[in-house]
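Residue numbers (this note's numbering): 22 to 241.
For glycine and all other residues, C-beta sits at the position ideal for the given N, C-alpha and C.
Worksheet for the structure shown next.
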Amino acid sequence: MRAFTGEPVPREALQRVLSAARRAPSGANLQPWRVYVVDGAQLTELKRRTRARAAAGDPGDAREYEMYPPDLAPPYCARRSTAAAQRYAALGIAREDRRAREKAIAANWDCFGAPTVLFCYIHRRMGPPQWADVGMYLQTVMLLLRGEGLHSCPQMAWSVYHRTVAEIVAPADGLILFCGLSIGFEDAAARPVRIDRAPLAEIVTFADSQPGTRPSARCT
């Protein structure tokens, strides 16, 4: 969801969600996630500082992890391009309208209007399996939020200005900011943006599920 109302998120609902999400899968029970919840005056100040940096043309902080492989190969590069095209088309933004695209990107720093953000960190010494644990934890949080009537939006974009986030949340030593998770109630009046997903046959192989059949060579 990239359109929220300003209605406050009940603290009790967040506590229920985050308490239950502790049961998310975690290899060897490491629970490698560390989260900080920001709202109210602190979030207002964070938005102000981040918008100021972006408006000044600040490209952001040194990356602590690569969002995407630099040599993204098919079909992944095509999926990313298609997703961007679909989103901007839904927003009525032409491909050549650079200013409008920059404005759409800048909406990240307003959390798309959400009144609460959860910032998810992981220790820099953790490896790929622990990053996968963090993904399962965040998915669990997002699903539990829906059970409370809330929506959310994971935003790796916040890692671009991780130093500004750190000024507000003061994370423990050794942590890397993976993403922010904007949380709030859906703005039903906003234009919905739904991005297509790859066909099932393109991403799933049922190995020898039926006699005489073989997995498609197209499946990965």
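Give the secondary structure of residue i by DSSP, where H, G and I count as helix, E and B as strand, and everything else as coil.
i, result
"arginine 239", "Any reading at arginine 239 needs caution, since the residue's pLDDT is 44, under 50, leaving its predicted position unreliable; the model's value is listed next. Arginine 239 falls in the coil class under three-state DSSP."
"histidine 171", "For clarity, residue 171 is leucine in the given sequence; the question names histidine instead. Of the three classes helix, strand and coil, the one that applies to leucine 171 here is coil, per DSSP."
"isoleucine 216", "coil"
"leucine 51", "coil"
"glycine 156", "helix"
"leucine 196", "strand"
"aspartate 92", "coil"
"arginine 184", "helix"
"valine 190", "helix"
"threonine 234", "Interpretation of threonine 234 is limited by its pLDDT of 44, a score under 50 that renders its predicted location unreliable; no figure is taken from the coordinates."
"aspartate 229", "coil"
"tyrosine 97", "helix"
"arginine 84", "coil"
"proline 46", "coil"
Can you check which of these residues, the options, is closest to residue i by C-alpha distance?
i, options, result
"arginine 71", "Val162, Ile189, Leu196, His144", "In the sequence under discussion, the amino acid at residue 71 is threonine, which differs from the arginine named in the question. Checked all of Val162, Ile189, Leu196, His144; the closest Cα to threonine 71 is Ile189."
"glutamine 63", "Pro149, Val138, Arg108", "Val138"
"glycine 134", "Glu169, Ser173, Ala111", "Ser173"
"glycine 168", "Leu39, Glu28, Ala24, Gly27", "Leu39"
"methionine 163", "Trp152, Gln151, Gln176", "Gln176"
"alanine 24", "Pro213, Asn50, Tyr89", "Pro213"
"cysteine 200", "Arg55, Ala34, Asp217", "Arg55"
"serine 203", "Glu85, Val181, Gln151, Asn129", "Asn129"
"leucine 35", "Phe206, Arg120, Asp229, Ala219", "Phe206"
"glutamine 26", "Asp229, Ala219, Asp208", "The sequence as given places threonine at residue 26; glutamine does not occur at that position. Residue Asp208 is the option with its Cα nearest to threonine 26."
"tyrosine 273", "Ala76, Ala49, Leu196, Arg69", "Nothing can be reported for residue 273, as the shown portion of the chain is limited to 22 through 241."
"valine 155", "Arg37, Arg43, Pro136, Val30", "Arg43"
According to DSSP, which residues form a beta bridge with residue i?
i, result
"alanine 60", "Checking the sequence, you will find aspartate at residue 60 rather than alanine. In the DSSP output, where bridge partners are listed per residue, aspartate 60 has Thr137."
"isoleucine 114", "According to DSSP, which records beta bridges pairwise, isoleucine 114 is partnered with nothing at all."
"phenylalanine 25", "Glu207"
"glycine 201", "Phe140, Gln176"
Does at least one heavy atom of the ligand ATP sit under 8 Å from the Cβ of residue i?
i, result
"isoleucine 126", "Absence of the ligand ATP is noted for the structure shown, with no ligands found whatsoever."
Is residue i close to chain B? Criterion is C-beta to C-beta, closer than 9 Å.
i, result
"threonine 26", "The displayed structure is made up of one protein chain only, and chain B is not part of it."
ask   = Do the segment 154-162 and the segment 216-229 make contact, defined as three or more Cβ pairs closer than 8 Å?
value = They do not touch, by the three-pair rule.
ask   = Okay, do the segment 177-185 and the segment 80-88 touch, 3+ Cβ pairs below 8 Å being the bar?
value = yes
query = Contact between the segment 120-129 and the segment 138-147: three or more CB pairs below 8 Å?
reply = no
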